[in-house]
Amino acid sequence: MTTNVRTRTDTADPVRLPLDGSSSSPSFDGREIEWLHALFPEWTSYPFAASTLLGEVWVFVFVFALAFWFGDARRIAPLFGVVFGGLALVVVLKAAVALPRPPMAAMIPPETAHDSVRPWYRWAIRADGYGFPSGHVAGAVLAWGSLATALEAGTRRIRIGTAATLVLLVSLSRLVLGVHYLIDVIGGLALGLLVLLAWQVASRRLERPVRASLAAAVGCASVPAAVGVGGSEPLYALGAMSGILTAWLLVVDPDRSLDVTPVGVVTAVVGIVVFLSVGATVGSLLSGPVGSVTMTFAMGVTIVAWPTAVDSVLS
Numbered sequence: 000m001t002t003n004v005r006t007r008t009d010t011a012d013p014v015r016l017p018l019d020g021s022s023s024s025p026s027f028d029g030r031e032i033e034w035l036h037a038l039f040p041e042w043t044s045y046p047f048a049a050s051t052l053l054g055e056v057w058v059f060v061f062v063f064a065l066a067f068w069f070g071d072a073r074r075i076a077p078l079f080g081v082v083f084g085g086l087a088l089v090v091v092l093k094a095a096v097a098l099p100r101p102p103m104a105a106m107i108p109p110e111t112a113h114d115s116v117r118p119w120y121r122w123a124i125r126a127d128g129y130g131f132p133s134g135h136v137a138g139a140v141l142a143w144g145s146l147a148t149a150l151e152a153g154t155r156r157i158r159i160g161t162a163a164t165l166v167l168l169v170s171l172s173r174l175v176l177g178v179h180y181l182i183d184v185i186g187g188l189a190l191g192l193l194v195l196l197a198w199q200v201a202s203r204r205l206e207r208p209v210r211a212s213l214a215a216a217v218g219c220a221s222v223p224a225a226v227g228v229g230g231s232e233p234l235y236a237l238g239a240m241s242g243i244l245t246a247w248l249l250v251v252d253p254d255r256s257l258d259v260t261p262v263g264v265v266t267a268v269v270g271i272v273v274f275l276s277v278g279a280t281v282g283s284l285l286s287g288p289v290g291s292v293t294m295t296f297a298m299g300v301t302i303v304a305w306p307t308a309v310d311s312v313l314s
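Using numbering that gives the first Met the number 0, the final residue of the sequence shown is 314, and nothing's skipped along the way.
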């Protein structure tokens, strides 16, 4: 039985691996993607595209911002460094290994998606650059895994189970959407778990884990930014981590947080608007690498300084 496989047309990577079984490794013949496409109906491309957003950096940023504002700043702040530092390592590995992405596309190509969701759908399933390891999967492990260990809501078993479920959804979505081989997903899982484990071990021995985590992330992001790999992503990470570290050292009072009240919720909504406005304003004034770093620097400062700034104004 022959499985029809759509060919991806929206990637800039010219390198392609065969799908006819001539590949020397089953990890690169795309059979797992063909099998999933045969297993799931076409319409599931939409919920899988939504699931893959659980591995998006911007989703992490908003979730971490809310956790930082309403929770224990000392427990949440280092997680920014864990995630962004780990994702900087992903960028370096992608450039070093240089494995291509699968040539097959999602079951519903963006061109044939429903008009009402096409722009969002196209953005959600985009696939640029090399494939190994999966940044979405590594990011999901780092973000949801670190939150599961840092938060105190519910039981530890429930938190870890929830994090594992989210990671599984992201991993499966990357395969169903045809943007990664199985080996890419496994690589993302392994890298994320290794970084997370290293942080768990190191944080117990560090006197100032927040500073150490953020400083390490700045160092990790500086490597791909300096050698010019990964496009603008490492520049964004470098700016954000530098801004968060600077604000933590000079501005932030970690004992100040927002209350879980209607006023606190409104304050958080205003904070998100301010955060986005700061980024849009700086981004419109500056361009190029300097603009990328400066924009996210300002946004990073805004995130961690917001509770302190609000408390100073209201007190």
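Yeah, the Cβ is synthetic: ideal placement off N, Cα and C, and Gly gets one too.
From which residue to which residue does the alpha helix (DSSP H) around alanine 72 run? 72 to 96
First and last residue of the alpha helix (DSSP H) that includes aspartate 183? 181 to 202
Proximity below 8 Å, CB of alanine 297 to CB of glycine 278: yes
I believe serine 50 touches leucine 168 by the beta-carbon criterion, under 8 Å. Please report the beta-carbon distance rounded to the nearest angstrom. 4 Å
Look up threonine 295 in the DSSP assignment and say whether it is helix, strand or coil. helix
Using DSSP with H/G/I as helix, E/B as strand and the rest coil, what is tyrosine 120? helix
Identify the continuous alpha helix (DSSP H) that holds serine 50 and give its terminal residues. 44 to 51
With distances taken between CB atoms, is the gap from serine 295 to glycine 238 smaller than 8 Å? Correcting the residue type first, residue 295 is threonine in the shown sequence and not serine. Yes; because the gap between Cβ atoms is below 8 Å, this pair is in contact.
Helix, strand or coil at isoleucine 271 according to DSSP, with G and I counted as helix: In this structure, isoleucine 271 counts as helix in the three-state DSSP scheme.
For arginine 155, does the three-state DSSP call read helix, strand or coil? helix
Going by the beta-carbon positions, is the gap between serine 133 and arginine 173 smaller than 8 Å? Yes, the Cβ-Cβ distance between serine 133 and arginine 173 is below 8 Å.
Just mark alanine 11 as buried or exposed, buried being the case when its beta carbon has 16 or more other beta carbons within 10 Å. Its pLDDT being 39, under 50, alanine 11 is placed unreliably by the model, and the measurement read from it follows with that caveat. Flag for alanine 11 reads exposed.
Would you decide whether threonine 266 is buried or exposed? Buried here means 16 or more other CB atoms lie within 10 Å of its CB. buried
Tell me which residues share the same chain as leucine 248 and place their Cβ nearer than 8 Å to its Cβ, disregarding the 5 neighbours each side in the sequence. Arg210
Backbone secondary structure at methionine 106 - three-state DSSP: DSSP places methionine 106 in coil when its eight states are reduced to three.
Of the residues Thr43, Ile182, Gly230, the one placed nearest aspartate 127, counting alpha carbons only: Nearest option by C-alpha distance: Gly230.
Quick check on phenylalanine 39: does DSSP put it in helix, strand or coil? coil
Looking at leucine 176 and alanine 105, is the spacing between their C-beta atoms short of 8 Å? Going by C-beta atoms, alanine 105 is nearer than 8 Å to leucine 176.
Assigned secondary structure, phenylalanine 131 (DSSP; H/G/I helix, E/B strand, else coil): coil
Would you check if there are 3 or more beta carbon pairs closer than 8 Å linking the segment 56 to 70 to the segment 145 to 159? yes
Assign leucine 168 to one of three DSSP states: helix, strand, or coil. helix
Going by DSSP, what residue range makes up the alpha helix (DSSP H) through serine 115? Neither: serine 115 is in no alpha helix (DSSP H) and is coded neither H nor E.
State yes or no: is the C-beta of valine 259 within less than 8 Å of the C-beta of threonine 307? no
Rounded separation between proline 25 and alanine 123 - CA only: At proline 25, the pLDDT of 43 sits below 50, so the modelled position is not reliable; the number obtained from the coordinates is stated separately. Between proline 25 and alanine 123, the C-alpha separation is close to 27 Å.
Separation of glycine 138 from leucine 86, as counted between CA atoms: 6 Å
Using only the alpha-carbon positions, how far apart do tryptophan 34 and glycine 160 sit? 27 Å
Roughly how far, in whole angstroms, is the beta-carbon of valine 89 from the beta-carbon of leucine 190, given that I think they are within contact range, below 8 Å? With 8 Å as the limit, valine 89 and leucine 190 qualify as a contact, their Cβ atoms being about 7 Å apart.
Short CB-CB distance (under 8 Å) between serine 256 and chain C: Absent here is chain C; the protein component of the structure consists of one chain.
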